[in-house]
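Residue numbers (numbering that gives the first Met the number 0), protein chains in the order written: chain A, 0 to 170; chain B, 0 to 170. Ideal Cβ positions, reconstructed from N, Cα and C, are used throughout, including at glycine. Reviewing the structure listed below.
2 protein chains.
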Amino acid sequence: MTFSIYAATVPPMRLMLKNLSSILSKAQSHLEARKIDPNAFLAARLYPDMLPFIKQIQIASDTAKGAVARLAGVDIPKFEDNEATFADLHARIDKTIAFLDSLPEAKFEGAESRKITLPLRDRTMEFTGAEYLTTWAQPNFYFHVTTAYALLRHGGVEIGKSDFLRGSVIA
Amino acid sequence: MTFSIYAATVPPMRLMLKNLSSILSKAQSHLEARKIDPNAFLAARLYPDMLPFIKQIQIASDTAKGAVARLAGVDIPKFEDNEATFADLHARIDKTIAFLDSLPEAKFEGAESRKITLPLRDRTMEFTGAEYLTTWAQPNFYFHVTTAYALLRHGGVEIGKSDFLRGSVIA
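Here it is, written out as structure tokens:
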């Protein structure tokens, strides 16, 4: 058995996106049981100049689709960023997973040494595929999934680390 | 170039631990400038039944040393979990990085298919090395580093995602 960049990228991101969906469902149950306006979570921030919850999910989706597209050498699908409800966020996650699943493993052949150029606001980052995945795409992806979790946890939703790690498997 | 489990594990965890140290330093400057009791951050939680900040750093360290030790097939070093100050937390992170750096890459040969057994409170998890790294150790590690970041961000420390992704490189 060899360890491939596909194995390091697609299955774990798919798992985390599914866990994120399960966590969203727990947040919805929490809101419904208490008759709370969904915007209490959808617009939540941990600090006034931080991006709100909806944006955390959108960026988690962006980092996942960006990572797999760049590594596979295909165009990154554009999503509209017009999500406004929990149902929209579930659909966004589902679309992201469908894109991950649409890429054949063969496309990732040699991706570890593919040159990845990332234009940022103030500079351009250059990586090999392996560096890009492990020191940029993965931390970035987990950052936003964890921040989404943290916002719900801070808001009192009864979730624990097992939801984060295995939520969709346990459910 | 092949993509190895060593490359997917040790360099990115070392980078994130260094970034975490830089983030701690920013929190210390924030406290000193405002003459705030360091416990305002050290004991901070996002919710009353969540683990406090110090524990988040300890578990980030635990997940890193546990991951590399299990993958390399060596004993996990025991740390005392007696950190009480920012200086202690920096030392904990440095000890963790030193352990990562002490393991020769050759120890990770074939680690992707090594059988990893993880005793949890209520059950035992079994993985291949590759599954353990990508669906357990990595999400767990990033969860605690991001939660530590989130606690400081929530507390008003002026940090951004570039500190999380590249803090020790930019500094």
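Does the distance from the CB of residue i to the CB of residue j come in under 7 Å?
i: T62(A); j: F163(A); result: no
i: V144(B); j: L45(B); result: no
i: S21(B); j: S161(B); result: no
i: G154(B); j: A86(B); result: no
i: L99(B); j: R165(B); result: no
i: L41(A); j: I58(A); result: no
i: A32(B); j: V156(B); result: no
i: S112(A); j: R91(A); result: no
i: L88(A); j: E82(A); result: yes
i: V224(A); j: L23(A); result: Because chain A here runs from 0 to 170, residue 224(A) falls outside it and cannot be looked at.
i: R69(B); j: I115(B); result: yes
i: T8(A); j: P11(B); result: no
i: G65(A); j: I75(A); result: yes
i: Y5(A); j: F107(A); result: yes
i: F2(A); j: A71(B); result: no
i: M236(A); j: L117(A); result: Only positions 0 to 170 of chain A appear in the structure, and residue 236(A) is not among them; the question remains open.
i: A149(B); j: A97(A); result: no
i: T95(A); j: L30(A); result: no
Going by DSSP in three states, residue i sits in which element: helix, strand or coil?
i: T1(B); result: coil
i: T127(B); result: strand
i: Y46(A); result: coil
i: P37(B); result: coil
i: R13(B); result: helix
i: R122(A); result: coil
Counting contacts by CB-CB distance shorter than 7 Å, is residue i in contact with chain B?
i: A6(A); result: yes
i: P11(A); result: yes
i: L164(A); result: yes
i: R69(A); result: no
i: R152(A); result: yes
i: F107(A); result: no
i: L19(A); result: no
i: E111(A); result: yes
i: P138(A); result: yes
i: T134(A); result: yes
i: L16(A); result: no
Using a Cβ-Cβ distance cut-off of 7 Å, determine whether residue i contacts chain A.
i: Y131(B); result: no
i: A149(B); result: yes
i: F2(B); result: yes
i: L45(B); result: yes
i: P118(B); result: no
i: F126(B); result: no
i: T145(B); result: yes
i: F142(B); result: yes
Provide the residue span of the beta strand (DSSP E) that contains residue i, from first to last.
i: L117(B); result: 114-118
i: E157(B); result: Premise fails: E157(B) is in no beta strand (DSSP E) and is neither H nor E.
I'd like the span of the alpha helix (DSSP H) that includes residue i, first residue to last.
i: A105(B); result: It is not in any alpha helix (DSSP H) - A105(B) carries neither H nor E in the DSSP assignment.
field: 4 or more residues per run - each alpha helix (DSSP H) lying fully within the segment 43-89 of chain A
entry: 52-71
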